[in-house]
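**Q**
4 protein chains.
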Amino acid sequence: MEILPYCRNVYYYETDRMDVVSHTNYIRWMEEARVSFLNKIGMSYHKIEEAGFMLPVLEVKCKYKQSLTFGDSFCIYSYITEYNGFKMTIYYEIYNKDTKSLCASAQSYHCFTDKNMKPTRINQKAPQLHDIFINAMKVTYSELK
Amino acid sequence: MEILPYCRNVYYYETDRMDVVSHTNYIRWMEEARVSFLNKIGMSYHKIEEAGFMLPVLEVKCKYKQSLTFGDSFCIYSYITEYNGFKMTIYYEIYNKDTKSLCASAQSYHCFTDKNMKPTRINQKAPQLHDIFINAMKVTYSELK
Amino acid sequence: MEILPYCRNVYYYETDRMDVVSHTNYIRWMEEARVSFLNKIGMSYHKIEEAGFMLPVLEVKCKYKQSLTFGDSFCIYSYITEYNGFKMTIYYEIYNKDTKSLCASAQSYHCFTDKNMKPTRINQKAPQLHDIFINAMKVTYSELK
Amino acid sequence: MEILPYCRNVYYYETDRMDVVSHTNYIRWMEEARVSFLNKIGMSYHKIEEAGFMLPVLEVKCKYKQSLTFGDSFCIYSYITEYNGFKMTIYYEIYNKDTKSLCASAQSYHCFTDKNMKPTRINQKAPQLHDIFINAMKVTYSELK
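Residue numbers (my numbering), protein chains in the order written: chain A, 1 to 145; chain B, 1001 to 1145; chain C, 2001 to 2145; chain D, 3001 to 3145.
Now the structure itself:
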């Protein structure tokens, strides 16, 4: 399966007094990219919720390498790097769209739960969803970085 | 009834590339000040919700006069300027805590609704809440601006 | 001159505990739409800054009519409704992209200043920029609301 | 040296549609707590900047353990866990102020740079600042968690 990265412009209000994007916004961009990625693999948040599951964030990590500022555009490449029907890790690379330089790499760690936030094995409870995540581990990007 | 204004420091991430607080944050500060004001008059959001009501925002207005930046503190004085048991207007003055200069004046317009967002007269449905809002119109601030 | 509205999806982190977009974000969306609009008319923030001017926000107003939530997309139509070479008013209509219902109408008020924030007449100081703003008052949208 | 933790209420606009604080805000809270901590140890951002240095964020990590929501208050305990005159690691524990339960633990990684973002050894360039950071590693909190 071949998809496109998640791209957009930096917003003015996302910059801080150093004239660069506040590092705090990258965690928000990871969420934007994750939502877009899950839509593209056919597994939207709404579909997950309608199936009775939730996908809370257990942990995030982000390494900042180069800054972005107002006027820049960025692209985020998301990858499922670990998935076992119960826990999932998503890895993100954030690139400056024009210079192609890597601005940040990041990870978010998740587990599946039921509506009451009780951890749940979707490989057992929802095999059809499980298959979609398994396939999504093989996603590649059609657009070169 | 005499109360204190809502005061806090500017956060680093609230500044933008002009090295001043992004004008977009003042609308958030109005919400912070409103929550604090309602707590002080004995009418917290939780109390409003527990009584079966909601207080959505119908309109906001904000006039920007002087900028604030990282390192500054501000104080917000909130006043109920209109209230008729159904609609309510809150007026806000945002001051630089140190220089005492007026940085912005703002207004938010609200109506009371039930849980289904249907407009509701709380003077009829909840006279005891109504009295609290009537009294809150007479609030004064103990701290000089 | 015919342009397209500014459209995007609602982000998950833009919702609040009422399961709707926090009203505070609409002011940010106005800024996003303004930046996009100015780009489209050939008058980007960078171009304004390079010419030695700034365009601070003097006042904002926003009327909330219908809520948006996660999963929704919106389109913003921006119009210069007043411009005299010195002050400018931009009017915004925010539509739910799918239902076509009007979610909010808003205004931002601006003046032109020099780099030291001193109010400046760009019709006198920069006639070629002035002409662009004059023309931008006639912008229409190719996409029906 | 004994200091107080950084405490405040959750803001309404910090919640998301799950009725809990968006996980993206914890990174902002870390910045708030860091600024407060540096003020308390006598090493404000302004002092660092005036001495000709900057303290960019190289990496952040945050583990989410328990959620917080509107109406809750939290306290953040910050600790310098690594410092060598060049790089610094700050560790944060975020507690629910009322229940005393640990809601998140987090780390931010920094290095010192000059005004041009070139990495700099402050132990050599500014020994008096260096001493303050060395002493800050021994900070304890007067308020029990």
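Glycine included, each C-beta is placed from N, C-alpha and C at the ideal position.
1) Can you have a look at B:His1046 and say buried or exposed, based on whether 16 or more other CB atoms are within 10 angstroms of its CB?
2) Since A:Asn96 is in the beta strand (DSSP E), which residue starts that stretch and which ends it?
3) Find the nearest neighbour of A:Asn96 within the set A:Gln66, A:Gln124, A:Met117, A:Met18, judged by alpha-carbon distance.
4) Would you check if the distance between the CB atom of B:Phe1074 and the CB atom of B:Tyr1012 is smaller than 8 Å?
5) Using 8 Å as the threshold, is the C-beta distance between A:Tyr64 and D:Val3139 below it?
6) Consider the Cβ of B:Phe1070: report whether some Cβ of chain A lies at a distance smaller than 8 Å.
7) When DSSP labels each residue in this structure, what does C:Tyr2026 get in the three-state scheme?
8) If we ignore side chains and look at the alpha-carbon of each, how far apart do C:Ser2142 and C:Met2001 end up?
9) Among the candidates C:Tyr2079, C:Tyr2092, C:Ser2078, C:Phe2053, whose CA atom is the shortest distance from the CA of C:Thr2113?
10) Roughly how many whole angstroms lie between the Cα atoms of C:Ile2122 and C:Ile2132?
11) Using a Cβ-Cβ distance cut-off of 8 Å, determine whether B:Tyr1026 contacts chain A.
12) Cutting at 6 Å between CB atoms, please list the residues of its own chain near C:Ser2105, excluding the five before and the five after it.
13) Shorter than 8 Å from the beta carbon of D:Tyr3011 to some beta carbon of chain B?
14) Using only alpha-carbon positions, find the residue among B:Lys1118, B:Asp1098, B:Cys1111, B:Lys1115 that is nearest to B:Cys1007.
15) Buried or exposed: A:Met117, going by 16 or more other Cβ atoms within 10 Å of its Cβ?
16) How many whole angstroms separate the CB atoms of B:Ser1108 and B:Val1060, which I take to be in contact at a CB cut-off of 8 Å?
17) Once DSSP output is grouped into helix, strand and coil, what is the label at B:Gln1107?
18) May I ask which residues mark the beginning and end of the alpha helix (DSSP H) holding A:Phe74?
19) Work out the CA separation of B:Leu1055 and B:Ser1044 for me, nearest whole Å.
20) Helix, strand or coil: how does DSSP classify C:Arg2034 here?
21) If distances are taken between C-alpha atoms only, which option among B:Trp1029, B:Phe1086, B:Asn1009 comes closest to B:Ile1134?
22) Which chain D residues sit within Cβ distance under 8 Å of B:His1023?
23) Considering A:Tyr45, what are the terminal residues of the alpha helix (DSSP H) in which it resides?
24) Reducing DSSP to helix, strand and coil, say where D:Lys3063 ends up.
25) Is DSSP giving D:Phe3053 helix, strand or coil here?
26) Using a C-beta to C-beta distance shorter than 7 Å, which residues of chain C count as neighbours of B:Tyr1064?
27) Spell out whether any CB of chain C is found under 8 Å from the CB atom of D:Asp3019.
28) Does the beta-carbon of C:Tyr2024 have 16 or more other beta-carbons within 10 angstroms, so that it is buried, or is it exposed?
29) Whose C-beta lies closer than 8 Å to the C-beta of A:Pro119 among residues of the same chain, with five residues either side of it excluded?
30) Against chain A, with Cβ distances strictly below 8 Å, would B:Thr1099 count as a contact?
31) Indicate whether at least one CB of chain C lies closer than 8 Å to the CB of B:Tyr1031.
32) Between which residues of its own chain and C:Leu2038 is the CB-CB distance below 8 Å, once the five residues before and five after are set aside?
33) Please confirm if A:His110 has its CB atom under 8 Å from at least one CB of chain G.
34) Find out if the Cβ-Cβ distance for the pair B:Asp1019, A:Arg17 is shorter than 8 Å.
35) Whole angstroms are fine: how far does the CA of B:Met1030 sit from the CA of B:Thr1081?
**A** With the structure as the only source:
1) exposed
2) 87-96
3) A:Gln66
4) no
5) no
6) yes
7) helix
8) 9 Å
9) C:Phe2053
10) 11 Å
11) no
12) Lys2063, Glu2093
13) yes
14) B:Asp1098
15) exposed
16) 5 Å
17) strand
18) From DSSP, A:Phe74 is part of no alpha helix (DSSP H) but of the beta strand (DSSP E) over 73-83.
19) 11 Å
20) helix
21) B:Phe1086
22) Correct list: empty, because the minimum Cβ distance to chain D is about 16 Å.
23) 45-50
24) strand
25) strand
26) Val2057, Leu2058, Glu2059
27) yes
28) The amino acid at residue 2024 of chain C is misidentified as Tyr; the sequence shows Thr. With 16 or more other Cβ atoms within 10 Å, it is buried.
29) Phe86, Cys111, Phe112, Thr113
30) no
31) Checking the sequence shown, residue 1031 of chain B turns out to be Glu, not Tyr. It does: the Cβ of B:Glu1031 has a partner Cβ on chain C nearer than 8 Å.
32) Ser2044, Tyr2045, Ile2048
33) Checking the listed chains, one finds no chain G in this structure; the protein chains it contains are A, B, C and D.
34) yes
35) 15 Å
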